[in-house]
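So the mapping is simple: the numbering used here equals the position in the sequence shown, first residue as 1, plus 263.
Idealized CB from N, CA, C, for every residue including glycine.
All figures in this text were calculated on a predicted structure; none of them were measured in a lab.
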Amino acid sequence: MQDSAEVEIEGDGPDDIGLKVSVPIDASMLDTPDSELAPLVEQLRRSLKNMQGNQAQVDGIDDAVVKAHVALDDMLFKHTSAQQYNVL
């Protein structure tokens, strides 16, 4: 078995994939009030807050589904024949 430090991956370096370094921008102009954009910005904030709330409600479900799948697979393995298990 190879040590992960010994493995060389070719063609996946920053230059190979065309990665561009982002340049920091001055975000202070984004805080400037704009009467036309204010309602849209507020709507966006509410939408993002709603999305965060929705995410919080389902956070952890993927882990629970994996654990349930493992438990079900274990029960099927213990209580079925090899032929039945292989069909599932």
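Between the C-alpha atoms of residue i and residue j, what's the straight-line distance to the nearest angstrom?
{"i": "M264", "j": "L293", "result": "The predicted model places M264 with a pLDDT of 48, which falls under 50 and marks its position as unreliable, so this point remains unresolved."}
{"i": "V333", "j": "Q347", "result": "17 Å"}
{"i": "K312", "j": "N349", "result": "46 Å"}
{"i": "G281", "j": "T343", "result": "52 Å"}
{"i": "G274", "j": "S285", "result": "21 Å"}
{"i": "A290", "j": "G323", "result": "34 Å"}
Kindly indicate the opening and closing residues of the alpha helix (DSSP H) around residue i.
{"i": "V329", "result": "324-342"}
{"i": "A345", "result": "345-350"}
{"i": "P277", "result": "Segment: none, P277 is in no alpha helix (DSSP H) and carries neither H nor E."}
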